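I have placed the structure first, in the form of structure tokens, so that the comments after it can refer back to it.
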Amino acid sequence: MILVCRDFIPGVLTAGFLFVISPVIFHFFLTMDSERKFLLGLSAVRENRLEIAEKEFRNSLLERRIDPLLKSELAESSHNLGCVTKNLQEREVLLTQALAIRQNIGGFEKSITELCLANHFFSVGEFRKCEPLYLSALETAKLASGKTRGYILPYSSALIDFYLKTGNIEKAEKLKREQKEVEAEVISYFNR
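Be aware that the sequence shown starts at 26, since it is given in the numbering used here, and climbs by one per residue.
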């Protein structure tokens with residue numbers, strides 16, 4: 026026999042409160058679970074277990090697609106899954122999706138995604154798509170770095186490599202001179 030006490034039957038206020046708070050609770054648990062899977066993926070990448078990393082990033086991506094409040098996290102999962110997947114078509118789609126989300130955010134996250142997408146296009150031989158992405162990544166990094174120009178060195182190095190491999194020696198030399206200035210600035214900062 027089940028005894029029902031009046032204290033255990035939810036009233037109108039309790040039911041209304043639970044109805045209002047349930048999306049918040051769902052969002053919280055979804056965020057925590059997808060973040061756990063994302064961190065497991067990062068840990069697997071550090072240990073060079075790319076198959077496990079791909080699985081964890083994919084699970085994280087699926088969960089983050091459910092909640093519209095997780096846009097920046099969705100871009101994070103798309104970017105990282107795009108970096109570890111071996112499927113080249115999927116890589117392009119994922120990195121493009123991450124870049125589309127990060128267009129409004131800007132900063133280093135956007136420049137890193139642009140750099141990864143440019144490297145992808147370079148690796149598959151689509152050189153005409155590379156240069157605008159390399160240039161945009163460098164410009165975004167310059168805006169994000171502010172006075173600390175040392176942060177632009179990886180982006181300028183990637184653009185220099187691209188110019189050297191495609192035969193634009195003059196542009197590569199000009200960028201190398203600018204890069205030497207930035208390197209000297211960084212070294213002088215640490216030699217104070």
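We put the beta carbon where it would ideally sit given N, CA and C, even for glycine. It should be emphasised that the depicted structure is a prediction, and the values quoted were computed from it without experimental measurement.
In chain order, what residues of the same chain have a beta carbon less than 6 Å from the beta carbon of residue i, not counting five sequence neighbours either side?
i	result
Leu75	Val109
Leu28	For Leu28, the pLDDT reaches just 48, beneath the cut-off of 50, and the residue's location in the model is therefore unreliable, leaving the point undetermined.
DSSP three-state label for residue i, please.
i	result
Ile50	helix
Lys196	helix
Arg74	coil
Thr39	helix
Ile130	coil
Arg217	coil
Gly56	The sequence given here places Thr at residue 56; Gly does not occur at that position. Thr56 falls in the helix class under three-state DSSP.
Asn112	coil
Asp186	helix
Gly171	coil
Less than 9 Å between the beta carbons of residue i and residue j, yes or no?
i	j	result
Phe82	Phe147	no
Ser59	Leu95	yes
Ile185	Ala197	yes
Val118	Gly131	no
Asn144	Ala183	yes
Leu158	Ile177	no
Leu120	Leu142	yes
Gln122	Ala100	yes
Asn84	Lys62	yes
Glu88	Leu65	no
I need the straight-line Cα distance from residue i to residue j, nearest angstrom please.
i	j	result
Arg116	Glu79	11 Å
Ser47	Pro93	16 Å
Asn129	Ser213	35 Å
Glu208	Gly175	7 Å
Leu67	Ile126	21 Å
Glu72	Lys199	39 Å
His104	Met57	19 Å
Thr39	Ile91	27 Å
Glu134	Thr173	17 Å
Ile77	Leu86	14 Å
Say whether chain D places a C-beta atom closer than 9 Å to the C-beta of residue i.
i	result
Arg202	Checking the listed chains, one finds no chain D in this structure; it contains a single protein chain.
Starting from the C-beta of residue i, find all residues in its chain whose C-beta is less than 7 Å away, skip the five residues before and the five after it, and write them out in chain order.
i	result
Lys201	Ile185
Val149	Leu113
Tyr180	Ser136, Leu140, Ala162, Leu163 and Ala166
Cys155	Ala143, Phe146, Phe147 and Phe187
Thr191	Phe152
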